[in-house]
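Residue numbers (this note's numbering), protein chains in the order written: chain A, 17 to 517; chain B, 1029 to 1127.
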């Protein structure tokens, strides 16, 4: 039987979502020991007796990790528990050398919050409230490399190699309550929720939130029930969803897979599945423990966390503007068209453009540089704009130089290249490369006379009133002056020279 | 007297990754009964007004500043590993072939 189309799925079935997001905090040191947390370090160079679980080692919690988690909870409108504890989650798996993971069980530090997300639909903007069940602290696991077998997958591998640099990095898990009522928008709502979380976390400066590096990971639970039914269907949990687009694809794919089974009168199996980036499909995964029996109990090596109410209020007072509200404000203040706003968000340049504007640049000019020339160069180099050696201060300076008439847009592009190539600030690149606008009318007139003599026929047409022909002459003058002339001034002088205006 | 069935003991042994013979499973199922009975006596104590604890010291909020201290060298970290490769801990096959 053929796969049902998405339209067929939503005509009959109502999806229910549940999302678990894991966030690696950007603390300098690990959750329970003082090892560094740097991404990409040589294997096993950031380990110690605590994160390797050597006998007798004792964990001590990182105070910054607690602070960051409370900030996350507050930003997600959660209540903060006056008393919470760590618990051991017991399982045998080589990515956790202790044979348990320190997590939180029935006493999470934050609970009962919500996030509102908006999506654009053909019926206009729709808002959905995603309720947060809990936000708790735990530690990340080590990284396995499976050797042998065809695909580097765990199945069929001959053996595995473990790097424990990541083991013990502070991890915060954010769990939603079940999310009903999203209907056909379920995949988009999930994507918007993860995007909103990412923006909130970035605004709090508590995580790098790089999905591609795994510092933000989403597990998506999906089930289907017949439209109108109150009985929840069996869910599947899809892991390994490493981009916003994948969140949408994974949920859509799972909805179709479930509907196919249910339409055939089969049952959905409650299981963990892995998202395949290349095909957009999921495949059945392993379960860590045959029957999930983690035998949680309070960790006797750690003491309760009891944040003072006054401290919580201090932290609440430092919360930054909500990203969604900020976007609305920026859109109005800068008078940005919808398409452009979307382009800035998609290209992830909103922060950098705002910084540039705060340094005095005109919002439209700042946006044009970051979205245009600079994004183009970043794409060519396959990096993000933030990774290039050009700063908001550089762009603000560049915009000022153009506004002052010291650079044309064309010359400014050469300056951007220079700044990115590490030649210094815009003014330094201008000085080093000897870039300057030819403002000397004498020099321009000489070039104009030369061009008019060389292209006498064209010049004659313009003289006769055929203005479009002037373009070719202006182009030739610009070429003659190596792009250093102001095209508007050239046009003015040229037309004057040929006696038309 | 409480007791654990042979299968319950086998399940616990599996969760704890302890290999046991049939004889040990049977012996332990009766011994566990005695252990549970002994522990059950604790439950007879009147605990009215006593708060559950998970730590012998009445401590709260013991934390450390977020400061990096030197880690072990990879050589030291790996020195107790039964097998290693490419500066990583080498462990036996985790899962068998896919179904």
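Where is the CB? At the ideal position from N, CA and C, for every residue including glycine. Predicted model, so just to flag it, every value in this text is computed and none were measured.
(message) Whether or not the segment 401-413 of chain A and the segment 469-482 of chain A are in contact is what I'm after, with contact meaning three or more pairs of Cβ atoms, one per stretch, closer than 8 Å; do they touch?
(response) no
(message) Need the endpoints of the alpha helix (DSSP H) that residue 128 (chain A) sits in, please.
(response) Residue numbering aside, residue 128 (chain A) sits at position 112 when the first chain is read from its first letter. Looking at the DSSP string, residue 128 (chain A) is not in any alpha helix (DSSP H); the run it does join, the beta strand (DSSP E), is 126-137.
(message) Contact criterion: CB-CB distance below 8 Å. Does residue 304 (chain A) meet it with respect to chain B?
(response) As a position in the first chain, residue 304 (chain A) is number 288, starting the count at 1. In this predicted model, residue 304 (chain A) has a pLDDT of only 46, less than 50, meaning its place in the structure is not dependable; the value taken from the coordinates is given anyway. Closer than 8 Å: no.
(request) Would you kindly report the start and end of the unbroken beta strand (DSSP E) that includes residue 164 (chain A)? (result) Here the question's residue 164 (chain A) lines up with position 148 in the first chain. Run containing residue 164 (chain A): none; DSSP gives neither H nor E here.
(message) One question on the structure: do residue 1105 (chain B) and residue 60 (chain A) come within less than 8 Å of each other, judged by their Cβ atoms?
(response) Indexing the second chain from 1 puts residue 1105 (chain B) at position 77. Indexing the first chain from 1 puts residue 60 (chain A) at position 44. In this structure, residue 60 (chain A) lies closer than 8 Å to residue 1105 (chain B) by Cβ.
(message) Suppose the cutoff is 7 Å on Cβ atoms and the five residues either side in sequence are ignored; what does the same chain contact list for residue 180 (chain A) look like?
(response) Within the first chain, residue 180 (chain A) is the residue found at index 164, counting from 1. For residue 180 (chain A), where only same-chain residues beyond five positions count, the Cβ hits under 7 Å are 60, 63, 67, 68, 113 and 158.
(request) Indicate the three-state DSSP secondary structure (helix, strand or coil) for residue 245 (chain A) in the structure shown. (result) Mapped onto the first chain, residue 245 (chain A) falls at position 229. Coil at residue 245 (chain A), not helix or strand.
(request) Report the residues of the segment 55-68 of chain A with a CB closer than 9 Å to any CB of chain B, ordered along the chain. (result) 58, 59, 60, 61, 62, 63, 64, 65, 67 and 68
(message) So that I know if they touch, is there some Cβ in chain A lying closer than 8 Å to that of residue 1121 (chain B)?
(response) Counted from its first residue, the second chain places residue 1121 (chain B) at position 93. Yes, its Cβ sits closer than 8 Å to a Cβ of chain A.
(message) Measuring alpha carbon to alpha carbon, tell me which residue in A:382, A:153, A:38 and A:140 is nearest residue 360 (chain A).
(response) Within the first chain, the letter at position 344 stands for residue 360 (chain A). Checking every option, the nearest Cα to that of residue 360 (chain A) belongs to A:382.
(message) Contact between the segment 225-235 of chain A and the segment 294-303 of chain A is defined here as three or more beta-carbon pairs at a separation below 8 Å; is this criterion met?
(response) no
(message) For residue 442 (chain A), which residues in the same chain have their Cβ closer than 7 Å to its Cβ, ignoring the five residues on either side in sequence?
(response) The residue labelled residue 442 (chain A) in the question sits at position 426 within the first chain. Hits under 7 Å: 410, 413, 414, 417, 431 and 435.
(message) For a contact defined as C-beta to C-beta under 9 Å, what are the partners of residue 79 (chain A) on chain B?
(response) Mapped onto the first chain, residue 79 (chain A) falls at position 63. Those are 1089, 1091, 1092, 1093 and 1094, listed as they occur along chain B.
(request) Taking only beta carbons into account, state which residues of the segment 172-196 of chain A come closer than 8 Å to chain B, listed in chain order. (result) 172, 173, 174, 175, 176, 177, 178, 179 and 180
(message) Does any residue of chain B have a CB that is nearer than 8 Å to the CB of residue 290 (chain A)?
(response) For this step, residue 290 (chain A) is matched to residue 274 along the first chain. With 8 Å as the cut-off, residue 290 (chain A) does not count as an interface residue toward chain B.
(request) Within 10 angstroms of the Cβ of residue 144 (chain A), are there 16 or more other Cβ atoms? Answer buried if so, exposed if not. (result) Working through the first chain from its first residue, we reach residue 144 (chain A) at position 128. That one is buried.
(request) Taking 8 Å as the cut-off, decide whether the C-beta atoms of residue 1096 (chain B) and residue 52 (chain A) are in contact. (result) Taking the first residue of the second chain as position 1, residue 1096 (chain B) is located at position 68. Taking the first residue of the first chain as position 1, residue 52 (chain A) is located at position 36. Yes, they are a contact pair.
(message) Please report the distance separating the alpha-carbon of residue 1072 (chain B) from that of residue 82 (chain A).
(response) Locating residue 1072 (chain B) in the second chain gives position 44, where the first residue counts as 1. Locating residue 82 (chain A) in the first chain gives position 66, where the first residue counts as 1. So the two alpha carbons sit approximately 38 Å from each other.
(request) Mind listing the chain B neighbours of residue 108 (chain A)? Cutoff is C-beta to C-beta under 7 Å, in chain order. (result) Numbered from 1 along the first chain, position 92 holds the residue referred to as residue 108 (chain A). Going along chain B in sequence order, the residues near residue 108 (chain A) (Cβ under 7 Å) are 1045.
(message) Let's test the definition: count the other Cβ atoms within 10 Å of the Cβ of residue 1074 (chain B) and tell me whether it reaches 16, buried, or not, exposed.
(response) Indexing the second chain from 1 puts residue 1074 (chain B) at position 46. Answer is exposed; the Cβ neighbour count stays below 16.
(request) Over the uninterrupted alpha helix (DSSP H) stretch that includes residue 327 (chain A), give me the two end residues. (result) In the first chain, residue 327 (chain A) corresponds to position 311, counting from 1. It spans 325-333 - the alpha helix (DSSP H) in which residue 327 (chain A) sits, taken as one unbroken run.
(request) Could you work out which residues of chain A lie near residue 1038 (chain B), taking near to mean beta carbons separated by less than 8 Å? (result) One-based indexing of the second chain puts residue 1038 (chain B) at position 10. Within 8 Å Cβ-Cβ: nothing; residue 1038 (chain B) doesn't reach chain A, min ~13 Å.
(request) Give the DSSP-derived three-state secondary structure of residue 234 (chain A) in the structure shown. (result) In the first chain, the residue the question calls residue 234 (chain A) occupies position 218. Strand at residue 234 (chain A).
(message) Looking only at its chain, what residues have a beta carbon closer than 8 Å to the beta carbon of residue 117 (chain A), apart from the 5 residues adjacent to it on each side?
(response) For the purposes of this step, residue 117 (chain A) is taken as residue 101 along the first chain, with counting starting at 1. So the qualifying residues of the chain are 104, 105, 107, 154, 155 and 157.
(message) Per the DSSP calculation, residue 29 (chain A) is bridged to which residue(s)?
(response) Indexing the first chain from 1 puts residue 29 (chain A) at position 13. The partner list for residue 29 (chain A) (beta bridge, DSSP) reads A:242.
(request) Run the CB neighbour count on residue 1064 (chain B), radius 10 Å, all protein chains shown included, and call it buried at 16 or more, exposed below. (result) The count along the second chain starts at 1 and reaches residue 1064 (chain B) at position 36. Its Cβ having fewer than 16 others within 10 Å, residue 1064 (chain B) is exposed.
(message) As an exercise, report each continuous alpha helix (DSSP H) stretch of at least 4 residues that is fully enclosed by the segment 405-460 of chain A, in chain order.
(response) 408-419, 425-436 and 442-449
(message) Is residue 161 (chain A) close to chain B? Criterion is C-beta to C-beta, closer than 8 Å.
(response) Position 145 of the first chain, counting from 1, holds the residue named residue 161 (chain A). True, the Cβ-Cβ gap to chain B drops below 8 Å.
(request) Output, in sequence order along the chain, the residues in the segment 306-320 of chain A whose CB is closer than 9 Å to any CB in chain B. (result) 306, 307, 309, 311, 313, 314, 315, 316, 317, 318, 319 and 320
(message) Does the CB of residue 44 (chain A) have a neighbour CB from chain B at under 8 Å?
(response) The residue you call residue 44 (chain A) lines up with position 28 of the first chain. Yes, because at least one Cβ of chain B sits closer than 8 Å to the Cβ of residue 44 (chain A).
(message) Between residue 1034 (chain B) and chain A, is the shortest Cβ-Cβ distance under 8 Å, so that the two count as touching?
(response) Within the second chain, the letter at position 6 stands for residue 1034 (chain B). No, residue 1034 (chain B) lies away from the interface with chain A (no Cβ there is under 8 Å from its Cβ).
(request) Please work out which residues of its chain come closer than 8 Å, Cβ to Cβ, to residue 32 (chain A), disregarding the five sequence neighbours upstream and downstream, and give them in chain order. (result) Walking along the first chain from the start, residue 32 (chain A) turns up at place 16. The residues are 194, 195, 196, 238, 239, 240, 241, 248, 249 and 251.
(message) Is residue 250 (chain A) a contact residue of the ligand FMN, with contact defined as CB to any heavy atom under 7 Å?
(response) Absence of the ligand FMN from the depicted structure is noted, as is the absence of any ligand whatsoever, leaving it without description.
(request) Give the DSSP-derived three-state secondary structure of residue 256 (chain A) in the structure shown. (result) Here residue 256 (chain A) refers to the residue found at position 240 when the first chain is read from its first residue. Here residue 256 (chain A) sits in strand by DSSP.
(message) According to DSSP, simplified to helix, strand and coil, what is residue 305 (chain A)?
(response) Position 289 of the first chain, counted from the start, is the residue given in the question as residue 305 (chain A). The predicted model places residue 305 (chain A) with a pLDDT of 41, which falls under 50 and marks its position as unreliable; any figure quoted below should be read in that light. Coil, per DSSP.
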